[in-house]
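Notes follow the structure.
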Amino acid sequence: MTVALVTGATQGLGLALAAGLAQRLRPADTVYLTGRDAGRITAAVRTVPGGGAEVRGALLDVAAPGSAARLAREVGERHGGIDIVFGNAVMRIGPDDNPREIIDDYTETNNFGTTRLLRAFAPLLNDNGRLLVVASSLGTLAHLAPVLHRRFTTASTLDEIDRGIAGWRDTTKQGRVSAWPAFVNIPSKVGQVAAVRVLAAQRREHDRPRGVLVAAVCPGMINTPTSALWWDVSGAPSPAQAAKALLDLAFDPVKPEHYGELVRDGEVVPFS
Numbered sequence: 001m002t003v004a005l006v007t008g009a010t011q012g013l014g015l016a017l018a019a020g021l022a023q024r025l026r027p028a029d030t031v032y033l034t035g036r037d038a039g040r041i042t043a044a045v046r047t048v049p050g051g052g053a054e055v056r057g058a059l060l061d062v063a064a065p066g067s068a069a070r071l072a073r074e075v076g077e078r079h080g081g082i083d084i085v086f087g088n089a090v091m092r093i094g095p096d097d098n099p100r101e102i103i104d105d106y107t108e109t110n111n112f113g114t115t116r117l118l119r120a121f122a123p124l125l126n127d128n129g130r131l132l133v134v135a136s137s138l139g140t141l142a143h144l145a146p147v148l149h150r151r152f153t154t155a156s157t158l159d160e161i162d163r164g165i166a167g168w169r170d171t172t173k174q175g176r177v178s179a180w181p182a183f184v185n186i187p188s189k190v191g192q193v194a195a196v197r198v199l200a201a202q203r204r205e206h207d208r209p210r211g212v213l214v215a216a217v218c219p220g221m222i223n224t225p226t227s228a229l230w231w232d233v234s235g236a237p238s239p240a241q242a243a244k245a246l247l248d249l250a251f252d253p254v255k256p257e258h259y260g261e262l263v264r265d266g267e268v269v270p271f272s
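Quick note on the UniProt record's numbering: the sequence shown kicks off at 1 and runs consecutively.
Here is the structure:
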């Protein structure tokens, strides 16, 4: 039996990933479709076509300390382990949002939520498991001033990544002039990719003989209402179309060069 889980799965790419997993798996398998609102979870589960895996709704607010760990314990007790995890939960922002006002909630979901998910579910990965964090090609050092690179290249633990993100958050809240880019999505995505790299470095020798893949994934531009606030996405893929490459990564044989890296359309996007 295969067990899969998607965070931030009540709409957009997350819902497309949950539906795609269900379609590719068998009725004996289970897909956990998670989110932080029970009503939206129930509604999302109802939209998934039948005939594939069982889709089970579950509450998971990655911004709430303890939420990921609680669900991981439940999954571990029920199934003994997990095979596929997509970390897709994200707080979306618009051009009119003030970074100083939203940065606390933004980092709690996008960054500390990512490291909570990694800590909670990495120990549950079965042989040939996949732990994939949805990030962006903005999450590379090319988008940061060189003076900031060491904050992400010298970290060796998730706690160090968290401290680096907390420092950026505090600088943003205080409105201090610094080398950080004004577009908060960039440091956040760099932090997500760096967290995956740190976890992968710790687990590489353990995971390699077991066929496990830990990676960040970039779905590219997607035609969603939130993206449309920033860019012209009229010609961009739908969430279902964008999900295909990510699902392929979850089901195809592991390529060693993908381990611990940011992957887009099957190719590694260099971190530095």
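Think of the CB as a built atom: it goes at the ideal place given N, C-alpha and C, for glycine as much as any other residue.
Measuring C-alpha to C-alpha distances from Q202 to each of L118, T7, T114 and A44 identifies L118 as the nearest.
Straight through space, the alpha carbons of P65 and R163 are spaced by roughly 16 Å. Here L144 is not bridged, per DSSP, to any residue.
Fully enclosed beta strand (DSSP E) runs of no fewer than 3 residues occupy 30 to 35 and 54 to 59 of the region 19 to 71, in order along the chain.
Under the criterion of beta carbons closer than 8 Å, D83 and V3 qualify as touching, at roughly 5 Å. Put simply, of R56, L131, E160 and P181 the residue whose alpha carbon is nearest the alpha carbon of D207 is L131. Annotation for T107: I165 and R169 place their beta carbon closer than 6 Å to its own, counting only its chain and skipping 5 residues before and after. Ranking E261, V254, S272 and V217 by CA distance to the CA of L13 puts V217 first.
In the DSSP annotation of this structure, the continuous segment of the alpha helix (DSSP H) that includes D105 starts and ends at P99 to N110. The Cβ atoms of G211 and V147 do not sit closer than 9 Å to each other.
Inter-segment contact for the region 150 to 163 and the region 71 to 87 is absent: fewer than three beta-carbon pairs are separated by less than 8 Å. The C-beta of G113 has 16 or more other C-beta atoms within 10 Å across all chains shown, which makes the residue buried.
Shown here, L138 sits in coil according to DSSP, grouped into three states, outside any helix or strand. When DSSP reads this structure, V184 sits in no beta bridge, so it has no partner. In this structure, A215 keeps its C-beta atom at 9 Å or more from the C-beta atom of L158. By the C-beta criterion, the region 48 to 59 is judged not to be in contact with the region 92 to 103, since fewer than 3 inter-stretch pairs fall below 8 Å. For A135, the closest of L21, G175, A38 and A89 by C-alpha to C-alpha distance is A89. Distance from the Cα of R70 is smallest, within the candidate group F121, A43 and F86, for F121.
Note: E267 is bridge-paired with R264 in the DSSP secondary-structure output. Assigned with DSSP and collapsed to three states, G87 falls in strand. Of P99, S272 and F271, the smallest CA-CA separation from T171 is found for P99. Going by DSSP, A216 is part of no alpha helix (DSSP H) but of the beta strand (DSSP E) stretching over L213 to V217. The Cβ atoms of G220 and P237 lie closer than 9 Å to each other.
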